[in-house]
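Participant:
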Amino acid sequence: MSETEVKHLPVNPCCHLLQEQVSRLQGELLESTAKLNESSKARKALRKAIRLLELQNQLLNKESEEEKKRAEDREKELSSLRSEILASRQLVCLGSKGANEKVDEERGKVDAEKCSSEKMCADKEAEDKQKELATRHGWEAEVSALKSQIVLLQQGMAVQNETNVPRLFQAQLSEEHAKINQLKKLLEKERHRADSEAKKAKEAMRKASEAQKMVMTQKSRADEERRLAAIERKEATVQLEKLRAEVEFLRSNLVSETLKFEETNKKLETEKQKVIEEKQRADNEMAKAEEKSRLLEMSERHIVEEKSRSDCLSQKIEEDRHSLRKLQEEIAKYAPVTKNVKAPCGDSVENTVFRTGKLNNLPQLEVISKESGVSKLIRDCVQCRGLSKKLKEAKQKARREKKLANSEMAKAEELRKIVETFGRNAMVNRRQAEELAHELEGNRCKTDEPKNEFMSSGILINPRVNNNTNTDPRTVKLLKKELKICKMQVKHAKEVASFEKSRNLLLQQEIRRIKRECSRISDHFDSLDKCFSSQNVSKDDLRKVSYAIYI
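Under the working numbering, residues 2 to 552 are what the sequence shown spells out, in order.
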């Protein structure tokens, strides 16, 4: 209706110009509406692109989460592999190749995933940049076109105000301005949305890059842990080899020391038996000494009896002296007869008779018989005096022998006590040796316990095969302490063995000395027994006995 009304109006050049301007503005408005439609389509496309970017971001987030999960799974696998390596050391060498292949495969997979993720990120960044550039160029072109239209409309409005444009055109222009303002607002909103979506896309890309960095750091940590584990494994294998060598050496030393200890125990048993035998011999010697002392007492009694006999003989001698005096008085009466007879004290009267050959009468024969009785009495006196002297000497020697026997008995008692003390010391040393043997057995059990543990864990099954094994430093420290204890015990056992040897030598020397003393005492008592057993003791026998005693 407006157009028809305009056509029926009278033609005016100004109006014609205004109509041309209006038609131009309408064409521009149509173009702007078309552009707005295109911009709406572009907005829709942008929204779709933003949605696609969001989906891609979600996919990237999911992929990053999956990569994190994979990294965690790999860490779990690594921990499980470590536990398997620690638990099953026996199968490390056999499974080392497979584990290395697995690790190489995992590294290849990780590198491939890394390359693919880097390529995807680069492609996505390039596409996002291209899309952002395209959308920015389109928005900038639309904004510049709208600005130019606004400028033209402002110019037209200025011209219309100058030429008194009708109100109808002003209303249309105001409507167009309102539409343009709405379109500007919509453009601003779309710009804000695009900026926010671009920021979200950048944030998603940043998160994806951070996730990639985290994955890379986790990979580097895993590689570093593998390297450290390999270094620790090598150090542990070296320490294990050293400890095994020390254990073998100590084991051989323990075997040799146990053999030596058993030999020393056997020697101690033999020495103990010898000591018991020597003790029995000493007891026998003591019994012999007691027997000898008894014999000495018997000999003393015999000496007392001999003394009583000598006293009786002395009384007889006194009586004979009295009778001799009487005979001498009688002989004095017959002195003229015996003047020519001069015989020694020890010669008999019969010899004098046969020498002189002058006594032929009976009274002379009676005198001669009396003189022969006197000579016999004189001889008996001389013999009694000699016997009394010998008895006194024998009594003195018997006292000396008794004193020596008492001293020898005291020495024998002391030696017996010494033997008993040595026997007790031998028993104590035997107990100490048994305690040391028990301690050695306990230490052997203690040393066998880590061996059994190693055998159960598979360490000592094949030392040539098991080269890549991990050990706990606590077990290594315990093994070192046990090695020190074993060395101390071996040293102590050696000292005890040397002490036992020296003690046994001292015992043997003391026993030999006791044997010599006992043999000397027995010889002495035998000689005394021989001397006092025979009643007719000569001076030579007494000299021999005294010589033997002083020797």
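Backbone N, C-alpha and C fix where the C-beta goes; we use that ideal spot for every residue, glycine too.
Taking 8 Å as the cut-off, decide whether the C-beta atoms of F262 and A494 are in contact.
Facilitator: yes
Participant: Rank D224, A237, Q219 and E225 by C-alpha distance to the C-alpha of T478 and give the top, closest one.
Facilitator: Looking at the sequence shown, residue 478 is not Thr but Lys. Of the candidates D224, A237, Q219 and E225, the one whose C-alpha sits nearest the C-alpha of K478 is A237.
Participant: If you reduce the DSSP assignment to three classes, tell me which class E21 lands in.
Facilitator: It is helical.
Participant: Does the separation of the CB atoms of K195 and E68 fall below 8 Å?
Facilitator: Note that residue 195 is Ala in the sequence shown here, rather than Lys. Not a contact, by the Cβ cut-off of 8 Å.
Participant: Report buried or exposed for Q490, applying the criterion of at least 16 other Cβ atoms within 10 angstroms of its Cβ.
Facilitator: buried
Participant: Would you grab the beta carbon distance between S523 and E279 for me? Rounded to a whole angstrom, and I think it's under 8 Å.
Facilitator: Rounded, the Cβ-Cβ distance is 15 Å, inconsistent with contact.
Participant: Should C446 and L255 be called a contact, given that it needs their Cβ atoms to be closer than 8 Å?
Facilitator: no
Participant: I believe E76 touches A223 by the beta-carbon criterion, under 8 Å. Please report the beta-carbon distance rounded to the nearest angstrom.
Facilitator: 7 Å
Participant: Suppose you measure from the CA of E415 to the CA of I515; what does that come to, to the nearest Å?
Facilitator: Taking the straight line joining both Cα atoms gives about 10 Å.
Participant: Could you check the C-alpha separation between K343 and R400 for me, to the nearest Å?
Facilitator: In this predicted model, K343 has a pLDDT of only 40, less than 50, meaning its place in the structure is not dependable; the value taken from the coordinates is given anyway. Using only the alpha carbons, I get a separation of about 45 Å.
Participant: Using CA atoms only, rank isn't needed, just tell me which of V429, Q131, N407 and S520 is closest to E298.
Facilitator: Ranking V429, Q131, N407 and S520 by Cα distance to E298 puts N407 first.
Participant: Going by beta-carbon coordinates alone, are E501 and T265 separated by less than 8 Å?
Facilitator: In contact: E501 and T265 (Cβ atoms closer than 8 Å).
Participant: For E21, count neighbouring Cβ atoms within 10 angstroms of its own Cβ and tell me buried if that reaches 16, exposed if not.
Facilitator: The residue in question, E21, is exposed, as its Cβ has fewer than 16 Cβ neighbours within 10 Å.
Participant: Comparing alpha-carbon positions, which option in M217, L480 and E55 lies nearest K200?
Facilitator: Comparing alpha carbon positions, the residue from M217, L480 and E55 closest to K200 is E55.
Participant: If we call anything under 8 Å between Cβ atoms a contact, is L484 one with E291?
Facilitator: no
Participant: Do you know how far the Cα of E258 is from the Cα of R295?
Facilitator: 54 Å
Participant: Please report how far the alpha carbon of L405 lies from the alpha carbon of K273, in whole angstroms.
Facilitator: 32 Å
Participant: What number of angstroms, rounded off, separates the C-alpha of R517 from the C-alpha of I318?
Facilitator: Straight-line Cα distance between these residues: approximately 49 Å.
Participant: Smallest Cα separation from K39: which of L480, L184 and R432?
Facilitator: A quick correction: the sequence has Glu, not Lys, at residue 39. Here the closest residue by C-alpha is L184.
Participant: Would you tell me roughly how many angstroms separate the C-alpha atoms of A205 and T218, rounded to the nearest one?
Facilitator: When rounded, the separation of the alpha-carbon atoms in A205 and T218 is 20 Å.
Participant: Determine the direct distance from the alpha carbon of L508 to that of R282, and round the result to whole angstroms.
Facilitator: When rounded, the distance between both Cα atoms is 15 Å.
Participant: Applying the criterion that 16 or more other CB atoms from any shown protein chain within 10 Å of the CB defines a buried residue, is C519 buried or exposed?
Facilitator: With 16 or more Cβ atoms within 10 Å of its Cβ, C519 is classed as buried.
Participant: For N182, is the classification buried or exposed, using 16 other Cβ atoms within 10 angstroms of its Cβ as the cut-off for buried?
Facilitator: exposed
Participant: State the Cα-Cα distance for the pair S503 and E436, rounded to the nearest angstrom.
Facilitator: 20 Å
Participant: Whole angstroms are fine: how far does the CA of R322 sit from the CA of P364?
Facilitator: Residue placement at P364 is poorly supported in this model, since its pLDDT is 48, which falls under 50; the coordinates still yield a value, given next. When rounded, the distance between both Cα atoms is 23 Å.
Participant: When we look at the beta-carbon of A498 and count the other beta-carbons within 10 Å, is it buried (16 or more) or exposed?
Facilitator: The residue is buried, with at least 16 neighbouring Cβ atoms inside 10 Å.
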